[in-house]
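Colleague: Just so you know, the sequence shown maps onto residues 6 to 391 in my numbering. Just so it is clear, CB atoms sit at the ideal spot from N, CA and C, and this is done for glycine as well.
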Amino acid sequence: MSALCSRLQPLASPTLTTNNSQTERYGAFLNSDAKLVEIGQGFCGTVWAEEATAAEPALVVKRADGGPGRSLQNELRMHTPILDAIRRYCATKGNESNRTYRQHIQNGQVEPDMRINIPFHVAFLDPSSSDSWSKLLPRLPDGFTACEALISERIPPMPLRVRELLSRHYCPSLELAAQMAQDKANESCLVRPYLGRRRLGQQPGDSNGLRRRFFSLRNFALHMEQMEQLTLPVKVYAVAMAEALAFLLWVARVDAGDVEYVLAPPRAEEEQPSPAAGHDRHLMTEAFGRHDLWILDFDCCRELEMSAAGMRRAAECFWRNDPFYPRPGAVSEKDRDMWHAFEDRFLKKSGEILKEEDWELKELPGMLIRIIREGRDAWAQGGIIN
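1. Using CA atoms only, rank isn't needed, just tell me which of E265, R258, L250 is closest to D349.
2. Near G47, what residues of its chain come up, given a Cβ to Cβ distance below 7 Å and the 5 sequence neighbours on each side ignored?
3. Taking the runs of the alpha helix (DSSP H) that are 4 residues or longer, which of them lie wholly in the region 290-348?
4. Beta-carbon separation of L288 and P238 under 9 Å?
5. Could you please give the first and the last residue of the uninterrupted beta strand (DSSP E) stretch that includes H126?
6. For K189 and I160, I'd like the C-alpha separation in whole angstroms.
7. With C-beta atoms as the reference, is V127 less than 9 Å away from L64?
8. Considering only DSSP beta bridges, list what N224 is partnered with.
9. Return the Cβ separation of W344 and P333 in integer angstroms, given the expectation that the two are a contact with Cβ distance under 8 Å.
10. Who are the Cβ neighbours of N326 in its own chain at under 8 Å, not counting the five residues just before and after it?
11. Taking C-alpha atoms, which residue in A383, Q187, G371 lies nearest to F220?
12. Is the CB-CB distance between D3 and L77 below 9 Å?
13. Return helix, strand or coil for R197, following the three-state DSSP convention.
14. Going by alpha carbons, who is nearest to V3 out of T85, V52, T51?
15. Whose CA, out of V66, L195, L205, lies closest to the CA of R144?
16. Hey, quick one: how far does the alpha helix (DSSP H) through L64 stretch, first residue to last?
17. If the criterion is Cβ atoms closer than 9 Å, does the pair N191 and L222 meet it?
18. Per DSSP, what kind of secondary structure is L145 in: helix, strand or coil?
19. Between L268, R30, V256, which lies nearest to F125 when the distance is taken from Cα to Cα?
20. Could you check the C-alpha separation between L254 and N79 for me, to the nearest Å?
21. Here's the rule I'm using: 16 or more other beta-carbon atoms within 10 Å means buried, otherwise exposed. How should S135 be labelled?
22. Look up Q39 in the DSSP assignment and say whether it is helix, strand or coil.
23. From which residue to which residue does the beta strand (DSSP E) around L268 run?
24. Assuming L369 contacts M316 (C-beta within less than 8 Å), just tell me the rounded distance between them.
25. Could you tell me the alpha carbon to alpha carbon distance between Q27 and L205, rounded to whole angstroms?
26. Residue range of the alpha helix (DSSP H) that W364 falls in?
27. Alpha carbon to alpha carbon, what distance is there between A69 and A313?
28. Are L268 and L298 touching if we call contact CB-CB under 9 Å?
29. For A319 and I374, what's the separation of their Cα atoms in angstroms?
30. Expressed to the nearest angstrom, what Euclidean distance is found between the alpha-carbon atoms of K40 and E248?
31. Starting from the C-beta of L359, find all residues in its chain whose C-beta is less than 8 Å away, skip the five residues before and the five after it, and write them out in chain order.
32. Name the residue from L130, A335, Y242 whose alpha carbon lies nearest to the alpha carbon of Y199.
33. For a test of the three-state rule: what should DSSP assign to E153, helix, strand or coil?
34. Do you know whose CA, among A54, E379, P162, lies nearest D38's CA?
35. According to DSSP, simplified to helix, strand and coil, what is Q114?
36. Kindly indicate which three-state DSSP category L288 falls into: helix, strand or coil?
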């Protein structure tokens, strides 16, 4: 299996990984003449890719052409130590020469029993990266200019059958559901699992024409009652997020500010169970088929201070983020159970990670949970609706 997540090194501009497979993939990407299409847009900028193929993992160009106050350089600064932290953590869990651990280290998977993936980075461009931009700009729409950009692995989009399922259930216009699923603009479908929010009382066909025009399957937000309707394994997602948060806070030691979680297919080369791992590490459901939990967007993350002040910062990031995590203090029993599953796994995994640390650090996970609980009333707006 090719190495997908080796450490980024500050080489000549553009900054490239030292992994030969990634360098070759980047060279092939630059030398392609396929047009780049926009597959995403956020406050930080726009994301561009070739049309999805069944070949080896595709790449994306994330351009810093969005609003002020967001930094791709900071994303690179945060993403790089997170990938390094994966290597360090897996090295403590087993012999790095062991094939199972080596595969998970290389592929941005935190450990074999944690269903978490992080896209690899290939290159960082700035406006002076003329060799790269001279090949990329002709493939972008007219008028685009060189800027800062990250070249990264593309998270595989959901297949047509999943888009048809989502559109059939949730498109405001039943007449347009099939058309929306087939729409080119919706081919870049990733699902955002909102375990911390419900949207009750909304049915297909209840919206006016204005809302119909804006139905999109890009970064599709799936709320708790919708996931229950599709019989998705919400507690498994909650446990995976708890492990991911523990890893980010205590191993990578970043505050997890504004990170995103999405459900998406595995990497193409991982679609079959790994004999080295001894089991299929991917999630499998009737609705989505085989899929994984991915983490992305680290540009708002900051280094986390291992102190009471740092825990207050981490709690603020917990509440300020989109409602991916379950929330404490819910009215319904189901949502309380979700929070307890999340809290229990977070504390257990945190204890495992920090077991060799001084007692002052071992106290921090419990302190963080207490601060999150105490902050519920102040941050409850936009949380779970019961």
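Modeller: Result, derived from the coordinates:
1. L250
2. Excluding residues within five positions, the ones whose Cβ falls inside 7 Å are G71.
3. 313-325
4. yes
5. 126-130
6. In a straight line, the C-alpha of K189 is about 17 Å away from that of I160.
7. yes
8. The partner list for N224 (beta bridge, DSSP) is empty, contrary to what the question assumes.
9. 5 Å
10. A261, G262, D263, V264
11. Q187
12. Past the edges of the chain, shown from 6 to 391, lies residue 3, and the structure says nothing about it.
13. strand
14. Residue 3 is absent from the structure shown; the chain starts at 6 and stops at 391.
15. V66
16. That residue, L64, is in no alpha helix (DSSP H); its beta strand (DSSP E) goes 64-68.
17. yes
18. In the three-state scheme derived from DSSP, where H, G and I count as helix and E and B as strand, L145 is classed as coil.
19. R30
20. 17 Å
21. exposed
22. What sits at residue 39 in the sequence shown is Ala, not Gln. Annotated three-state conformation of A39 is coil, per DSSP.
23. 265-269
24. 6 Å
25. Rounded to the nearest whole angstrom, the CA to CA distance from Q27 to L205 is 45 Å.
26. 364-367
27. 34 Å
28. Contact flag set, yes.
29. 10 Å
30. 38 Å
31. W255, L366, K367, L369, P370
32. Y242
33. E153 falls in the coil class under three-state DSSP.
34. A54
35. For Q114, the pLDDT reaches just 44, beneath the cut-off of 50, and the residue's location in the model is therefore unreliable, leaving the point undetermined.
36. strand
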